[in-house]
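J.: For reference, the structure I am asking about is given below.
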């Protein structure tokens, strides 16, 4: 009994591949022809021209890689790594707040795009003081002044603890974005600081401005001395928010006194704090 020639048997597959009229055979022949034609074209190119083309392509690749690394992968380890050119460009950087030592400044661990952000996230921010030594930027928040804690033998200013607690709760251990402006007399980096957006990426929408949030909450005043930086928001915006915070604090104090039958003079610290 003759066997049935099923189309998927090995004999039929080999016959189809070697049949000059089959599509598979024509496809193989076409690929081979194109390869031979390409090889002939390459052989026709003068050797010096081919070498120059390869060198140019390699140089462009290397320069592009260096540019991408400098822009998205180079980490500023500490303030000594911040060059004058960074201030001239008023560069924005991304980082994680590691410590908040005072009510208007903090330590930032710079986390550029390559290595610390998805989908190229393969590094982590150190968590110990030993690993963070000489690895952070000392950031001074631009445009505002907050009560200072006790140091160098001087007592703490009124509401220093509350202002510090507010700043720690707002940014401690969180991602922020800093526009580096200049270096102050204490070698700190003065910067405009914005919080990370809640939903959309920072490339599409900016987060809240930290200095303005401090003014709204009443835990800072507008910095008006020489060299003050208020950015695109302007000094008027800073002063307006400060005035509104003081008005709200004064209204709350007045309401409290009316309810408890006391006077503003009897309230401790009224008129001394940044928001009152």
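Residue numbers (the numbering used here): 133 to 408. For glycine and all other residues, C-beta sits at the position ideal for the given N, C-alpha and C.
Using only the alpha-carbon positions, how far apart do residue 250 and residue 336 sit?
T.: 16 Å
J.: What number of angstroms, rounded off, separates the C-alpha of residue 323 from the C-alpha of residue 253?
T.: 26 Å
J.: As a quick exercise: from 289, 313 and 290, pick the residue whose alpha carbon is nearest that of residue 221.
T.: Nearest C-alpha to residue 221: 313.
J.: Measure the CB-CB distance between residue 268 and residue 231 and report whether it falls below 9 Å.
T.: yes
J.: With a Cβ-Cβ cutoff of 9 Å, do residue 292 and residue 235 count as a contact?
T.: yes
J.: To which residues does DSSP link residue 253 through a beta bridge?
T.: 247
J.: Does the pairing of the stretch 294-301 with the stretch 235-246 give three or more beta-carbon distances under 8 Å?
T.: yes
J.: For the alpha helix (DSSP H) that contains residue 293, what are its first and last residues?
T.: 292-303
J.: Between residue 307 and residue 328, how many whole angstroms is the CB-CB distance? I'm expecting something under 8 Å.
T.: Separation of the CB atoms of residue 307 and residue 328 is rounded to 4 Å, and the pair is thereby assigned contact status at 8 Å.
J.: Helix, strand or coil, according to DSSP, for residue 312 in the structure here?
T.: strand
J.: Alpha carbon to alpha carbon, how far is residue 223 from residue 216? Give it in angstroms, no decimals.
T.: Residue 216 and residue 223: Cα-Cα distance of roughly 11 Å.
J.: Could you give the DSSP three-state label for residue 276: helix, strand or coil?
T.: strand
J.: Terminal residues of the continuous beta strand (DSSP E) containing residue 336?
T.: Segment: none, residue 336 is in no beta strand (DSSP E) and carries neither H nor E.
J.: Within its chain, find whatever has a CB closer than 6 Å to the CB of residue 303; leave out the 5 residues flanking it on each side and keep chain order.
T.: 229
J.: Thinking just about the alpha-carbon of each residue, which of 262, 246, 278 and 190 is nearest to the one in residue 233?
T.: 278
J.: Verify whether the separation of the beta carbon atoms of residue 365 and residue 380 is less than 9 Å.
T.: no
J.: Just the C-alpha distance for residue 339 and residue 287, rounded to the nearest angstrom, thanks.
T.: So the alpha carbons of these two residues sit roughly 35 Å apart.
J.: In three-state terms, what does DSSP make of residue 200?
T.: Note on residue 200: pLDDT 48, under 50, position unreliable in the model; the coordinate value appears next. Helix.
J.: Please identify the residue among 167, 361 and 346 whose C-alpha is closest to the C-alpha of residue 378.
T.: 346
J.: With C-beta atoms as the reference, is residue 276 less than 9 Å away from residue 352?
T.: Result yes, Cβ atoms of residue 276 and residue 352 sit closer than 9 Å.
J.: Can you round the beta-carbon distance between residue 354 and residue 374 to whole angstroms, since I take them to be within the 8 Å contact cut?
T.: Here residue 354 really is in contact with residue 374; their C-beta atoms are around 5 Å apart, less than 8 Å.
J.: For the alpha helix (DSSP H) that residue 323 lies in, which residues bound it at each end?
T.: That residue, residue 323, is in no alpha helix (DSSP H); its beta strand (DSSP E) goes 321-327.
J.: So which of 284, 167, 262 and 315 has the shortest CA-CA distance to residue 271?
T.: 315
J.: What are the residues that DSSP puts in a beta bridge with residue 214?
T.: Residue 214 pairs with nothing; no bridge assigned.
J.: Between residue 188 and residue 241, what straight-line distance do the alpha-carbon atoms span, to the nearest angstrom?
T.: Here the alpha carbons of residue 241 and residue 188 stand approximately 38 Å from one another.
J.: Is it buried or exposed, residue 383, if we count other Cβ atoms within 10 angstroms and call 16 or more buried?
T.: exposed
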